[in-house]
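Q: Numbering (the numbering used here), first residue to last: -15 to 211. Note that the Cβ used here is the ideal one computed from N, Cα and C, for glycine as well. As the structure is a prediction and not an experimental result, all values here were calculated from the model. One structure is given below, represented as structure tokens, and several questions about it will come after.
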Amino acid sequence: MGYKGEYIKRWFSDYVAFDGSLTVNAASGSVKRHSNSLPNWSVDLVETGLNTLTGGRIKRLIDWMGDETFMLTWGDGVSDVNLDDLIAFHKSHGKLATMTAVRPPARYGHIEFDGHRVVDFTEKPQASEGWINGAFFVLEPGIKDYIDGDDVMFEHAPMQRLAADGQLMAYRHESFWQCMDTIREKHLLQKLWDSGQAPWKTWELNDESSGYRPPRLHRFRPDSDAA
């Protein structure tokens, strides 16, 4: 937690407190819950400093995770990446870090010319874009040696040093990936979610009969999104 951490804490607290049917005894203040459709999750909401950057947050959290492989993503992107395959790839090469590489959705149409004549036009072709960091990582605790302190961005010096040392590998994901950095992208993702056709929703937790309703999507400041 850092910037607006109180909102995230309140969301989880309210999510648990208001699920299902309740009986409230006004005199005693007791609350009895009659159903529980919540998933069996244990979520740590850890204070890592208001101004700590992504690398510093990761270094502070490593002790919470123990001496074992862990996963990391930012809070502003969704994907249908197969996590089992991603982990298997990471274990296969034995390096400290695996980054999921994705092709970003193109913002504009792609034109090919023969002189001044247009010979091909493709509306927003994803395949024409280069590979970028999709921010779904599998990491070993040893990466903390590449992070000097709180004022370090993980995407800068640590990843550059990992790459220079041959410790950074890329898992290429060809399917759906989308960030939510702008209000336009927020509306795009909300439309997919509301339609029931969100490609990143690959889990089955609750159905409509349980009273569960999906939350609205919210965007937090990108420079504090490490999760």
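(1) Closest by CA to residue 147, which one among 127, 160 and 135?
(2) Comparing C-alpha positions only, which one of 54, 41 and 58 sits nearest to residue 68?
(3) Please name the residue or residues paired with residue 120 in a DSSP beta bridge.
(4) If you count every other CB in all the chains shown that lies within 10 Å of the CB of residue 43, and 16 or more means buried, which is it?
(5) So which of 52, 63, 33 and 124 has the shortest CA-CA distance to residue 183?
(6) Taking residue 156 as part of the beta strand (DSSP E), name the residues at either end of that continuous run.
(7) Do you know how far the Cα of residue 14 is from the Cα of residue 165?
(8) Kindly indicate the opening and closing residues of the beta strand (DSSP E) around residue 17.
(9) Does DSSP put residue 181 in a helix, in a strand, or in coil?
(10) Pick from 73, 153, 48 and 158: whose alpha carbon is nearest that of residue 125?
(11) Would you kindly work out how many angstroms separate the C-alpha atoms of residue 185 and residue 60, rounded to a whole number?
(12) Could you give the distance in angstroms between the alpha-carbon of residue 74 and the alpha-carbon of residue 97?
(13) Give the single residue among 38, 17, 130 and 36 whose Cα lies nearest to the Cα of residue 142.
(14) Are residue 219 and residue 118 closer than 8 Å when you measure CB to CB?
(15) Can you say whether residue 151 is buried or exposed, counting buried as having 16 or more other CB atoms within 10 angstroms of its CB?
(16) List the residues that DSSP assigns as beta-bridge partners of residue 162.
(17) Are residue 32 and residue -14 close, meaning C-beta to C-beta below 8 Å?
(18) My output table needs one value for residue 101: the three-state DSSP class, helix, strand or coil.
(19) Using 8 Å as the threshold, is the C-beta distance between residue 45 and residue 30 below it?
(20) Determine the contact status of residue 37 and residue 155, defining contact as a CB-CB distance below 8 Å.
(21) Return the Cβ separation of residue 22 and residue -2 in integer angstroms, given the expectation that the two are a contact with Cβ distance under 8 Å.
A: On the basis of the data shown:
(1) The residue given as residue 147 occupies position 163 in the sequence shown. Closest option to residue 147, Cα to Cα, is 127.
(2) Sequence index remark: in the sequence shown, residue 68 carries index 84 (1-based). Residue 54 is the option with its Cα nearest to residue 68.
(3) By one-based count along the sequence shown, residue 120 stands at place 136. BP columns for residue 120 point to 57.
(4) Here residue 43 refers to the residue found at position 59 when the sequence shown is read from its first residue. So residue 43 ends up on the buried side.
(5) For this step, residue 183 is matched to residue 199 along the sequence shown. Minimum Cα distance to residue 183 is reached at 63.
(6) Here residue 156 refers to the residue found at position 172 when the sequence shown is read from its first residue. From DSSP, the beta strand (DSSP E) with residue 156 extends over 152 to 157.
(7) The sequence position of residue 165 within the sequence shown is 181, counting from 1. The sequence position of residue 14 within the sequence shown is 30, counting from 1. Roughly 43 Å separates the two Cα atoms.
(8) As a working mapping, residue 17 is identified with position 33 in the sequence shown. Counting along the chain, the beta strand (DSSP E) containing residue 17 begins and ends at 15 to 17.
(9) Taking the first residue of the sequence shown as position 1, residue 181 is located at position 197. Coil, per DSSP.
(10) Mapped onto the sequence shown, residue 125 falls at position 141. The shortest Cα separation from residue 125 among 73, 153, 48 and 158 belongs to 48.
(11) Locating residue 185 in the sequence shown gives position 201, where the first residue counts as 1. Locating residue 60 in the sequence shown gives position 76, where the first residue counts as 1. Approximately 15 Å, taken between the alpha carbons.
(12) By 1-based counting over the sequence shown, the position of residue 74 is 90. By 1-based counting over the sequence shown, the position of residue 97 is 113. The straight-line gap from Cα to Cα measures roughly 41 Å.
(13) As a first step, residue 142 must be located in the sequence shown, where it is residue number 158. Among 38, 17, 130 and 36, the Cα nearest to that of residue 142 is on 130.
(14) Summary: the structure shown does not reach residue 219, with the chain confined to residues -15 through 211, and so no result is reported for it.
(15) The sequence position of residue 151 within the sequence shown is 167, counting from 1. So residue 151 ends up on the buried side.
(16) Counting from 1 along the sequence shown, the entry for residue 162 is found at position 178. In DSSP, residue 162 forms a bridge with 62.
(17) The count along the sequence shown starts at 1 and reaches residue 32 at position 48. The count along the sequence shown starts at 1 and reaches residue -14 at position 2. Taking 8 Å as the Cβ cut-off, residue 32 and residue -14 qualify as a contacting pair.
(18) As a working mapping, residue 101 is identified with position 117 in the sequence shown. If DSSP states are grouped into helix, strand and coil, residue 101 belongs with the strands.
(19) Counted from its first residue, the sequence shown places residue 45 at position 61. Counted from its first residue, the sequence shown places residue 30 at position 46. Closer than 8 Å, so yes.
(20) On the sequence shown, position 53 is the one that residue 37 refers to. On the sequence shown, position 171 is the one that residue 155 refers to. No, the pair does not count as a contact, with Cβ atoms beyond the cut-off.
(21) Working through the sequence shown from its first residue, we reach residue 22 at position 38. Working through the sequence shown from its first residue, we reach residue -2 at position 14. Contact flag wrong, Cβ pair sits at about 12 Å.
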